[in-house]
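One structure is given here, and the rest of the page talks about it.
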Amino acid sequence: MPGRRGSRVSRVEDLDRKIVALLANDGRMSFTDLGKATGLSTSAVHQRVKRLEQRGIILGYAAAVDHSALDLPLTAMIAIRPIDPSQPDDSPERLRDVREIESCYSVAGDSSYVLVVRVASPGALENLLAVIRARANVSTTTTIVLSTPYERRPPAL
Numbered sequence: 001m002p003g004r005r006g007s008r009v010s011r012v013e014d015l016d017r018k019i020v021a022l023l024a025n026d027g028r029m030s031f032t033d034l035g036k037a038t039g040l041s042t043s044a045v046h047q048r049v050k051r052l053e054q055r056g057i058i059l060g061y062a063a064a065v066d067h068s069a070l071d072l073p074l075t076a077m078i079a080i081r082p083i084d085p086s087q088p089d090d091s092p093e094r095l096r097d098v099r100e101i102e103s104c105y106s107v108a109g110d111s112s113y114v115l116v117v118r119v120a121s122p123g124a125l126e127n128l129l130a131v132i133r134a135r136a137n138v139s140t141t142t143t144i145v146l147s148t149p150y151e152r153r154p155p156a157l
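Per the UniProt record's numbering: the sequence shown ends with 157, consecutive numbering throughout.
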C-alpha cells in the first residue's frame, strides 16, 4: 500500500498519532482535554488510549525530573567495549542493578554499548567507572555533558 512504511508505528492512524504526540508532550493530559484537542468525545479518546496501551505503542507514563534538584547534577555518557571480545556479550545484564545507569544503548562502531549515567560529583563518576569496569570486564571512554539544551523531546509524528 503506498505510503506505508512497514513498522508497527507507521500503521497507527493519524488521530492516534495525534493522541500519542499530545501525551508524549504532557503525560498528565486529561481525556477531556485530549478530546478537545482531537475533536473526539472523552469516551472515544479513553478507548483509543487504552487500545494504544494494549498494543504496546504507549508503554507508560513518567515524570520529567530535575536531576540537579536531586543532587545528581553530573551527566556522563560512557562508551564500553569488552576487554576480551571472545567472552559472552552480557554487559547489560552484569550492569542491570547499577542504579546510576539511566540508559544502556547497544551501538555500532568502536564501542559495544553507550551508558547514560547521572551522579553527584566527579568523584562519584570515578567510583562508578571502577564499578562498571570491574563488573562487566570492559574498557571505558567517558564524555561528560556540559549542558543539555533539550532532551526527551516528543517524537515528530
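Note that CB positions come from ideal geometry on N, CA and C, so glycine has one too.
From what residue to what residue does the alpha helix (DSSP H) around residue i run?
{"i": "P92", "result": "S91 to L95"}
{"i": "S30", "result": "Where S30 is concerned, there is no enclosing alpha helix (DSSP H), given that its DSSP letter is neither H nor E."}
In three-state DSSP terms, what is residue i?
{"i": "A76", "result": "strand"}
{"i": "R8", "result": "Note on R8: pLDDT 49, under 50, position unreliable in the model; the coordinate value appears next. Residue state, collapsed to three classes: coil."}
{"i": "P88", "result": "coil"}
{"i": "V20", "result": "helix"}
{"i": "R55", "result": "coil"}
What are the partner residues of residue i, as DSSP defines its beta bridges?
{"i": "S106", "result": "Y113"}
{"i": "V45", "result": "None, per the DSSP bridge assignment."}
{"i": "R133", "result": "R133 is not bridged to any residue."}
{"i": "P82", "result": "V138"}
{"i": "R152", "result": "R152 pairs with nothing; no bridge assigned."}
{"i": "V119", "result": "L74"}
At a threshold of 7 Å, does residue i count as lining the ligand MN (C-beta to nearest heavy atom)?
{"i": "V45", "result": "This structure does not include the ligand MN; it has no bound ligands of any sort."}
Terminal residues of the continuous beta strand (DSSP E) containing residue i?
{"i": "I144", "result": "V138 to I144"}
Less than 8 Å between the C-beta atoms of residue i and residue j, yes or no?
{"i": "S112", "j": "S103", "result": "no"}
{"i": "I132", "j": "I78", "result": "yes"}
{"i": "G27", "j": "A62", "result": "yes"}
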